[in-house]
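These protein sequence lines map, in sequence, to chains F and L. Offset between the first sequence (1-based) and this note's numbering: plus 676. Offset between the second sequence (1-based) and this note's numbering: plus 46. Below is one structure, written out as structure tokens; comments come after it.
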Amino acid sequence: MEQNKEMTAQESLALIAETVNNSRKSIVKRSGKYMLVWGIALTIVSLLVFILWKSTGKEAWNYLWFAMPVIGLVPSYIMKSKETTHLPDNTVSRMLSGIWRTFGVFAVSISVFCILYAQFGSSFFTSLAIGVSLSPMILLLFGMAETISGVAVKNTSIKVAGVITGVGGIILYYILGNMSEDGIETTLLFTLAGIVLALTGVILQIQNKE
Amino acid sequence: MFPKLDPLLHSELRLAVMSILADVTSADFTFLKKQTGATSGNLSVQIDKLAAAGYVTVEKGFKGKMPCTTCTITPVGMEAFQGYVNALKDYLPL
Chain F
677 MEQNKEMTAQ
687 ESLALIAETV
697 NNSRKSIVKR
707 SGKYMLVWGI
717 ALTIVSLLVF
727 ILWKSTGKEA
737 WNYLWFAMPV
747 IGLVPSYIMK
757 SKETTHLPDN
767 TVSRMLSGIW
777 RTFGVFAVSI
787 SVFCILYAQF
797 GSSFFTSLAI
807 GVSLSPMILL
817 LFGMAETISG
827 VAVKNTSIKV
837 AGVITGVGGI
847 ILYYILGNMS
857 EDGIETTLLF
867 TLAGIVLALT
877 GVILQIQNKE
Chain L
47 MFPKLDPLLH
57 SELRLAVMSI
67 LADVTSADFT
77 FLKKQTGATS
87 GNLSVQIDKL
97 AAAGYVTVEK
107 GFKGKMPCTT
117 CTITPVGMEA
127 FQGYVNALKD
137 YLPL
């Protein structure tokens, strides 16, 4: 790039558009990489919970869900430390990061609350007198986060995938739940969510190929 | 009568740097170098010119043991960039 090249107005506008576009592509592509990692982490953990719960019949394997942040954060941290160029944040990457962090905080908070409710409901939470069904709530939150991500990156496939995972996931949850007494199979809905998240990451990487 | 284009921004490399910085919170030198394809020396000179005009702030620090120069667009720079883009529109039949 030359600093003294005479530019026409048209060339200047084209340069601005191209530079901003290229810069945005590299930044959003990085977000896609992290979504892929978290999608794989969610798929692995949900499959592990499903297999262990199904084979042992012990519901306690659900505590493995709390390993999710570690399984997702460790590779994310390694990836970040290996980045040769520190990529800045722009509006889209900040929005994506905010959406999924909010989802994470809500999902973990609801999970902790539900576990406390299940363990000590009668002594601590009787006055609240509410029943909570954790999985559909998290599926709904996930679907919303996915759809809003699709809106942020202007991608219809991601928006549709969010609706399918959120709304379709809840419907499937009750269908699968009615099919068996223990409802272990409903864990596989999170495997589906993990695949959707990983695919979202792949879509973002392809869409923003430099 | 067409409005006068800001001569500081009407340069390929400086305009590219300002376009990137207008879109991000801040960017480090290596990112700007990669995106513009400029040489370190040339980029450094142009960033200094933008900093001297108050369009960007330059912060020198370290990331681990590696030196790191971070550039951020200032409100003055943002205003100048928006003014430049608006002025460009007058030159084109948009």
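We put the beta carbon where it would ideally sit given N, CA and C, even for glycine. These numbers were taken from a predicted model, which means no experiment stands behind them.
Contacting residues, own chain, Cβ-Cβ under 7 angstroms from residue i (five flanking each side not counted)
| i | result |
| --- | --- |
| F/Leu723 | Thr867 |
| F/Val829 | Val704, Val768, Leu880 |
| F/Ser833 | Ile879 |
| F/Leu772 | Ser707, Ser825, Ala828 |
| F/Leu763 | Ser702, Ile703, Arg706 |
| F/Ala685 | none |
| F/Trp714 | Gly748, Leu873 |
| F/Phe742 | none |
| L/Gln81 | Ile66 |
| L/Ala68 | Ile119, Met124, Phe127 |
Other residues of its chain near residue i: CB distance less than 6 angstroms, five sequence neighbours each side excluded
| i | result |
| --- | --- |
| F/Gln883 | none |
| L/Gln92 | Leu59, Arg60 |
| L/Ala84 | Leu59 |
| F/Thr862 | Ser811, Tyr849, Leu852, Gly853 |
| F/Trp729 | Trp737, Ile860 |
| L/Leu62 | In the sequence under discussion, the amino acid at residue 62 of chain L is Ala, which differs from the Leu named in the question. Thr82. |
Span of the alpha helix (DSSP H) around residue i
| i | result |
| --- | --- |
| L/Glu125 | 121 to 137 |
| F/Glu694 | 685 to 732 |
| F/Gly877 | 864 to 883 |
| F/Leu816 | 810 to 828 |
| F/Ser856 | First-last for F/Ser856: undefined, no H or E at that position. |
Candidates the options, of which the one nearest residue i by Cα
| i | options | result |
| --- | --- | --- |
| L/Gly107 | L/Gly100, L/Asp136, L/Thr116 | L/Thr116 |
| L/Lys76 | F/Thr760, F/Arg706, F/Lys730 | In the sequence as displayed, the identity of residue 76 of chain L is Thr instead of Lys. L/Thr76 has its Cα closest to that of F/Thr760, out of F/Thr760, F/Arg706, F/Lys730. |
| F/Thr876 | F/Ala690, F/Leu763, F/Asp765, F/Trp776 | F/Trp776 |
| L/Met112 | F/Ser757, F/Ser785, F/Thr841 | F/Ser757 |
| F/Glu716 | F/Glu735, F/Met744, F/Ala693, F/Leu792 | Per the sequence shown, the amino acid found at residue 716 of chain F is Ile instead of Glu. It is F/Met744. |
| L/Ala98 | L/Gly123, L/Val70, L/Tyr137 | L/Gly123 |
| F/Lys885 | F/Met683, F/Asn698, F/Ile692, F/Thr841 | F/Asn698 |
| L/Val70 | F/Gly819, F/Asn766, F/Ser752 | F/Asn766 |
| F/Ala874 | F/Ile846, F/Gly780, F/Leu740, F/Tyr710 | F/Tyr710 |
Residues bridged to residue i [DSSP beta-bridge criterion]
| i | result |
| --- | --- |
| F/Val750 | The partner list for F/Val750 (beta bridge, DSSP) is empty, contrary to what the question assumes. |
| L/Lys109 | L/Met112 |
| L/Val52 | In the sequence on display, residue 52 of chain L carries Asp and not Val. Paired residues: none, contrary to the question. |
| L/Ala150 | Since the first residue shown for chain L is 47 and the last is 140, residue 150 of chain L is missing from the structure and cannot be characterised. |
| F/Val839 | Beta-bridge pairing links F/Val839 to no other residue. |
| L/Val102 | L/Ile119 |
| F/Asn766 | L/Val70 |
Host beta strand (DSSP E) of residue i (start-end)
| i | result |
| --- | --- |
| L/Gly87 | Unbroken run through L/Gly87 is the alpha helix (DSSP H), 86 to 98; no beta strand (DSSP E). |
Neighbourhood of residue i by C-beta, 8 angstroms cutoff - its chain only, sequence neighbours within 5 removed
| i | result |
| --- | --- |
| L/Asp52 | Ala126, Gly129, Tyr130, Ala133 |
| F/Thr778 | Ala821 |
Residue i Cβ short of 7 angstroms to the ligand HEM heavy atom set
| i | result |
| --- | --- |
| L/Gly129 | Judged by which ligands are present, the structure shown has none, so any question about the ligand HEM falls away. |
Just by C-beta distance, which residues in the stretch 86 to 108 of chain L are closer than 7 angstroms to chain F?
With the criterion set as a beta carbon lying under 7 angstroms from some beta carbon of chain F, the members of the stretch 86 to 108 of chain L are Asn88, Gln92, in sequence order.
What residues in the stretch 61 to 88 of chain L have a beta carbon less than 7 angstroms from any beta carbon of chain F?
Taking a C-beta cut-off of 7 angstroms against chain F, the contacting residues of the stretch 61 to 88 of chain L are Leu61, Ala62, Ser65, Ile66, Asp69, Val70, Thr71, Ser72, Ala73, Asp74, Thr76, Phe77, Lys80, Gln81, Thr82, Gly83, Ala84, Asn88, listed in chain order.
Residues from the stretch 687 to 701 of chain F in contact with chain L, defined by Cβ distance under 9 angstroms:
Of all residues in the stretch 687 to 701 of chain F, Glu687, Ser688, Leu689, Leu691, Ile692, Ala693, Glu694, Thr695, Val696, Asn698, Ser699, Arg700 have a Cβ within less than 9 angstroms of some Cβ in chain L.
Any residues in the stretch 830 to 843 of chain F with a beta carbon nearer than 7 angstroms to a beta carbon of chain L? Which ones, in chain order?
Residues: none.
Selection of the stretch 769 to 789 of chain F by Cβ proximity to chain L, strictly under 7 angstroms:
For the stretch 769 to 789 of chain F, which is checked against every Cβ of chain L, not one residue is closer than 7 angstroms.
Between the stretch 115 to 129 of chain L and chain F, which residues of the former have a C-beta closer than 7 angstroms to a C-beta of the latter?
Within the stretch 115 to 129 of chain L, no residue qualifies.
Mind listing which residues of the stretch 741 to 772 of chain F have their C-beta closer than 7 angstroms to chain L's C-betas, in chain order?
Along the stretch 741 to 772 of chain F, going in chain order, the ones with a CB nearer than 7 angstroms to a CB of chain L are Thr761, His762, Leu763, Pro764, Asp765, Asn766.
For the stretch 810 to 828 of chain F, list every residue whose C-beta sits within 9 angstroms of some C-beta in chain L, in sequence order.
Taking 9 angstroms as the cut-off between beta carbons, none of the residues of the stretch 810 to 828 of chain F comes near chain L.
Which residues of the stretch 850 to 881 of chain F have a Cβ closer than 8 angstroms to any Cβ of chain L? Give them in chain order.
Cβ contacts with chain L: none found.
If the cut-off is 7 angstroms on Cβ atoms, which residues from the stretch 48 to 59 of chain L count as contacting chain F, listed in chain order?
Result list: His56, Ser57, Glu58, Leu59.
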